[in-house]
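Engineer: Below is the structure I would like to discuss, written out as structure tokens.
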Amino acid sequence: MKILILYSGGLDSKIMELYAKINHPNDEIKKVWFDIGQEYSEKEMKCLDSDVDIRKIDYLKDFKCVGKEGNPCGNIMIPGRNAVLALLGASIYLPDEIWLGALCGETHKEATDKNYEFLEKFNTFVNYVLSPYTKKEIKLRFPLADAGFGKLDSVKWALENGLTKEELLLTSSCLSGEKGNCGVCIVCVRRWGIFTQLGIEEKYNKDLFEYKESLNYLREVLLNDYYDNYRKEEIIPALRKYFDTNDNIKICMYLEKLIKKGKC
Numbered sequence: 001m002k003i004l005i006l007y008s009g010g011l012d013s014k015i016m017e018l019y020a021k022i023n024h025p026n027d028e029i030k031k032v033w034f035d036i037g038q039e040y041s042e043k044e045m046k047c048l049d050s051d052v053d054i055r056k057i058d059y060l061k062d063f064k065c066v067g068k069e070g071n072p073c074g075n076i077m078i079p080g081r082n083a084v085l086a087l088l089g090a091s092i093y094l095p096d097e098i099w100l101g102a103l104c105g106e107t108h109k110e111a112t113d114k115n116y117e118f119l120e121k122f123n124t125f126v127n128y129v130l131s132p133y134t135k136k137e138i139k140l141r142f143p144l145a146d147a148g149f150g151k152l153d154s155v156k157w158a159l160e161n162g163l164t165k166e167e168l169l170l171t172s173s174c175l176s177g178e179k180g181n182c183g184v185c186i187v188c189v190r191r192w193g194i195f196t197q198l199g200i201e202e203k204y205n206k207d208l209f210e211y212k213e214s215l216n217y218l219r220e221v222l223l224n225d226y227y228d229n230y231r232k233e234e235i236i237p238a239l240r241k242y243f244d245t246n247d248n249i250k251i252c253m254y255l256e257k258l259i260k261k262g263k264c
């Protein structure tokens, strides 16, 4: 079997690679990274291993990320990106399986290019389109979500199965174009929450407790039912450790005070 991993240089793709090697030791594993021209692309490229295929998609270079209605995450979305990348991967490589780094807690109904309804519709579409070129069925999968992993669970599994803390720190997930990890984008804050719980010390350019952007996100996760337990488990235990209390009301009060004096 030929497995194509849609690689990003981030935590999820690094863990998917390990998952493939452990669970499919006799299969061919290919990794492809699509340079979509976003401001963080250069950082991602530097995190790639030498065996990752690199392909450019210039039409996304000047795209400004947007938000989804009702989603408090902010302007971090590229509409349909996963569908575009999966279709390109299927068309170029004609693999048996394409692996996308979706996790439990991310496959909700609003994630229209990252949920199981999308998966079913995409697989029907791509196999129809490519049927003249291959007799095999191509299957897009979410292996980490299929295994029941949220992001915290996946990192724990990776550490238990041979990935080192140093290797995790070499991945890049930051949405900012600046060098290093900005510390205040949503993905940096999620990494902070997970790494804090697991005793992994990562350097950030900014202190997330000084900036309204990251503080507002922490408060949203603490209070907003929009986020399910997978996301809350990434953040809330780390907040309790940071503020040295299990009282969520106290933590909310501390965050409110910090937000009032926080930087833009």
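Residue 88 in the working numbering is what sits at position 88 of the sequence shown, and the numbering runs on without skipping anything.
Idealized CB from N, CA, C, for every residue including glycine.
None of these values were measured; they are calculated from a predicted model.
From residue 173 to residue 10, what distance separates their C-alpha atoms?
Structural biologist: Using only the alpha carbons, I get a separation of about 5 Å.
Engineer: Across the segment 198-216 and the segment 36-46, are there enough close Cβ pairs to call them in contact, namely three or more that are closer than 8 Å?
Structural biologist: No: the two stretches stay apart, fewer than three of their Cβ pairs being nearer than 8 Å.
Engineer: Determine which residues share a DSSP beta bridge with residue 5 and list them.
Structural biologist: Answer is 31, 99.
Engineer: Which residue marks the beginning of the beta strand (DSSP E) containing residue 52, and which one marks its end?
Structural biologist: 52-56 is the span of the beta strand (DSSP E), which, as asked, contains residue 52.
Engineer: Using 10 angstroms around the beta-carbon of residue 129, count the other beta-carbons present and answer buried if the total reaches 16, otherwise exposed.
Structural biologist: So residue 129 ends up on the exposed side.
Engineer: For residue 190 versus residue 105, is the C-beta distance shorter than 8 Å?
Structural biologist: No, the pair does not count as a contact, with Cβ atoms beyond the cut-off.
Engineer: Per DSSP, which residues does residue 141 bridge with? Please list them.
Structural biologist: Answer is 99, bridged to residue 141.
Engineer: What residues in its chain sit with their C-beta under 6 Å from that of residue 12, if we drop five residues either side in the sequence?
Structural biologist: 101.
Engineer: Going by beta carbon distance, what residues of the same chain come within less than 8 Å of residue 241, once the five residues before and after it are set aside?
Structural biologist: If we look at residue 241 and ignore the five residues flanking it on each side, its Cβ neighbours are 196, 197.
Engineer: Distance, Cα to Cα, residue 192 vs residue 134?
Structural biologist: Their backbone Cα atoms lie some 44 Å apart in a straight line.
Engineer: Hey, residue 215 and residue 239 are a contact pair by Cβ (cut 8 Å); roughly how many whole angstroms apart?
Structural biologist: So it is not a contact: roughly 11 Å between Cβ atoms.
Engineer: Just to confirm my understanding: we take residue 219, look at its own chain, exclude 5 residues before and 5 after, and list those with CB closer than 8 Å. What are they?
Structural biologist: Answer for residue 219: 252, 255, 256, 259, listed in chain order.
Engineer: Just mark residue 8 as buried or exposed, buried being the case when its beta carbon has 16 or more other beta carbons within 10 Å.
Structural biologist: Label assigned to residue 8: buried.
Engineer: Between residue 139 and residue 33, what straight-line distance do the alpha-carbon atoms span, to the nearest angstrom?
Structural biologist: Taking the straight line from one Cα to the other gives about 19 Å.
Engineer: Can you list, in chain order, the residues of its chain whose CB lies under 7 Å from that of residue 161, leaving out five sequence neighbours each side?
Structural biologist: Hits under 7 Å: 18, 22.
Engineer: Do you know whose CA, among 229, 262, 244, lies nearest residue 152's CA?
Structural biologist: Here the closest residue by C-alpha is 229.
Engineer: When the Cα of residue 211 is compared with those of 194, 188, 225, 233, which residue comes out closest?
Structural biologist: Checked all of 194, 188, 225, 233; the closest Cα to residue 211 is 188.
Engineer: Just the C-alpha distance for residue 1 and residue 261, rounded to the nearest angstrom, thanks.
Structural biologist: Straight-line Cα distance between these residues: approximately 55 Å.
Engineer: Could you tell me how far apart the beta carbons of residue 126 and residue 90 are, in whole angstroms, since I believe they sit closer than 8 Å?
Structural biologist: So it is a contact: roughly 5 Å between Cβ atoms.
Engineer: Residues in its own chain within less than 7 Å of residue 148 by CB, not counting five upstream and five downstream?
Structural biologist: Cβ within range, chain order: 104.
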